[in-house]
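J.: Residues in the sequence shown are numbered from 1 upward in steps of one, following UniProt numbering.
Note that beta-carbon positions come from the ideal geometry of N, C-alpha and C, so glycine has one too.
Let me give you the structure first, and then I'll get to my questions.
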Amino acid sequence: MDEKNKNILYDFIVLFIEKAMDLLGSDQITNAIGKENIKQKFLKTKKTALVDALASLDKESIKRKITTIIGFLSNNFGVDLTEKTLEEIYSIQERRYSPVLANDIILPLISDNFLEKYRLQYLSKEQLEAKVIEKTKELLELNAKLEKKVSERTAELTQANKELKELDERKSEFLSIIAHQLRTPLSGIKWTLNMLIHGDLGPISKEQERYLIKSYEGNERLIAIVETMLSANRIDSAKYELDLEKNEIVNLVLEVISDNLPYAKTRNVTIHFENPDIVIPEFIFDKEKMRDVLQNLIDNAIKYSRPAGKVTITLQYTDNKVEFAIKDNGIGIPTDQQALIFSRFFRSHNAQSADPNGNGLGLFIVKSIINLHGGRVWFESKQNSGTVFHFSLNANH
1 MDEKNKNILY DFIVLFIEKA MDLLGSDQIT NAIGKENIKQ KFLKTKKTAL
51 VDALASLDKE SIKRKITTII GFLSNNFGVD LTEKTLEEIY SIQERRYSPV
101 LANDIILPLI SDNFLEKYRL QYLSKEQLEA KVIEKTKELL ELNAKLEKKV
151 SERTAELTQA NKELKELDER KSEFLSIIAH QLRTPLSGIK WTLNMLIHGD
201 LGPISKEQER YLIKSYEGNE RLIAIVETML SANRIDSAKY ELDLEKNEIV
251 NLVLEVISDN LPYAKTRNVT IHFENPDIVI PEFIFDKEKM RDVLQNLIDN
301 AIKYSRPAGK VTITLQYTDN KVEFAIKDNG IGIPTDQQAL IFSRFFRSHN
351 AQSADPNGNG LGLFIVKSII NLHGGRVWFE SKQNSGTVFH FSLNANH
């Protein structure tokens, strides 16, 4: 190697070590070059000792050491920053000497993965064609591997989805069987208790009546749970059909409020209905399923209100659309659990503490019914500050 080429090589090593030390520090570079190659003399700095150690090696050894240092740079700072650093060094050498000399002396020392745009400038037509063929082959092989992985992953997900679906169907079938098995005896218990309470089977004392009423109320709760489970199961199995007829919505709201007044009284909660000023004409919806929606939302608002709380129900009618809002000043829904609130069987932690006996199906059924009507349901809530549930329906006449 002539003197000029040695100078180019030495200058490159100086710049390279300088940049690498700025980023990595001297210890990793020392390890890459090998302590046995470094002979640091008095008055020499760490940098010049490293430069001299690297420059004293043969070209193949220099390339191996530089490749190791480039690997450290890539692992610590990423390929893009490493490429940019090498480009800066290479550009300085091009300006200082010449592109041809930089290409001949420096590029062979750097891994083929870097400075590719500079390498391509000096390739012959045949070399470029060979490079294109090589890269195309690499891309085709990579694409084939990716397609294989995607195909395998798709097959795995399809199988997993099939198994989950089968498991869900078995679970739904099990719930349906259990619910139907409970339904008949619970109905029998209901009528027997009703007859006892009303003295149809003979006179009873006040204390007996009190215990029978408690039993009757507990039985009613079980019946409600069974009906809720069956409703949720019908929704999942796509057997939940709407009985669509023209109905009057305000009267339905008043009926559901009236049904909930005794429960609200036991909870020391008042219910306020802001009746719209305008007359809302009859429109098409499933009355009994809309009753379930209102019942679930009003019941929740009462249940999770604080003592002496207030539930406010508003109804608006504009542009052939009705919009409900059921507001309470209760426990609210934690922010980190709001995304799951309409999921089947989900109950927030504070709701479980307030009422351990819930089943987590009410809001799932609400959303399903509103969706079947082509409507929308949403809410705003802040923990310890209350919740407002909204839903809207198109008032098709």
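#1: Who are Q316's beta bridge partners in DSSP?
#2: Could you check the C-alpha separation between I278 and F285 for me, to the nearest Å?
#3: Roughly how many angstroms separate the alpha carbons of G358 and L222, rounded to a whole number?
#4: Determine the DSSP secondary structure at L43, reduced to helix, strand or coil.
#5: Where do the ends of the beta strand (DSSP E) carrying F273 lie?
#6: If you draw a straight line from the C-alpha of V269 to the C-alpha of E241, how long is it?
#7: Determine, using beta-carbon pairs with one atom in the segment 261-275 and one in the segment 375-391, whether at least three such pairs fall under 8 Å.
#8: What does DSSP give as the partner residue(s) for G386 in the beta ladder?
#9: What does the alpha-carbon distance come out to for the pair E220 and N161?
#10: Within its chain, find whatever has a CB closer than 7 Å to the CB of G374; leave out the 5 residues flanking it on each side and keep chain order.
#11: Are the beta-carbon atoms belonging to K63 and L109 less than 7 Å from one another?
#12: Which residue's Cα is closest to the Cα of K19: T82, T68, T30 and N75?
#13: Could you give the C-beta distance for I280 and V322, rounded to a whole number, given that I count them as a contact under 8 Å?
#14: Who pairs with K246 in a beta bridge, going by DSSP?
#15: Rounding to the nearest angstrom, what Cα-Cα distance links N396 and F389 in this structure?
#16: Pull up the distance between the alpha-carbon of I235 and that of M229, whole angstroms please.
#17: Could you name the residues that DSSP lists as bridge partners for L393?
#18: Which of the three DSSP states, helix, strand or coil, is assigned to R344?
#19: Is it right to say K12 is buried, meaning 16 or more other beta carbons lie within 10 angstroms of its own, or is it exposed?
#20: Report back the beta-carbon spacing between L193 and V226 to the nearest angstrom; my notes put them in contact at under 8 Å.
#21: Just to confirm before moving on: does the CB-CB distance between I69 and L9 stay below 7 Å?
#22: Just list the residues that DSSP pairs V311 with in beta bridges.
#23: Where does A308 land, buried or exposed, given buried means 16+ other C-beta within 10 angstroms?
#24: Am I right that L73 and L24 are in contact with their C-beta atoms under 8 Å? What's the rounded C-beta distance?
#25: Return the bridge partner residues of V377 from the DSSP annotation.
#26: Measuring CB atoms only, is the segment 247-256 touching the segment 195-205, in the sense that at least three cross pairs come out at less than 8 Å?
T.: Reading off the structure:
#1: E323
#2: 20 Å
#3: 11 Å
#4: Because L43 sits at a pLDDT of 40, beneath the cut-off of 50, its placement in the model cannot be relied upon, and the point is left open.
#5: T270 to E274
#6: 35 Å
#7: no
#8: K382
#9: 38 Å
#10: N394
#11: yes
#12: T82
#13: 7 Å
#14: I284
#15: 22 Å
#16: 10 Å
#17: V322
#18: coil
#19: The residue asked about is misnamed: residue 12 is Phe in this sequence, not Lys. Answer is buried; the Cβ neighbour count reaches 16.
#20: Between V226 and L193 the Cβ distance is about 16 Å, and since that is not below 8 Å, they are no contact.
#21: no
#22: I271
#23: exposed
#24: 7 Å
#25: F391
#26: no
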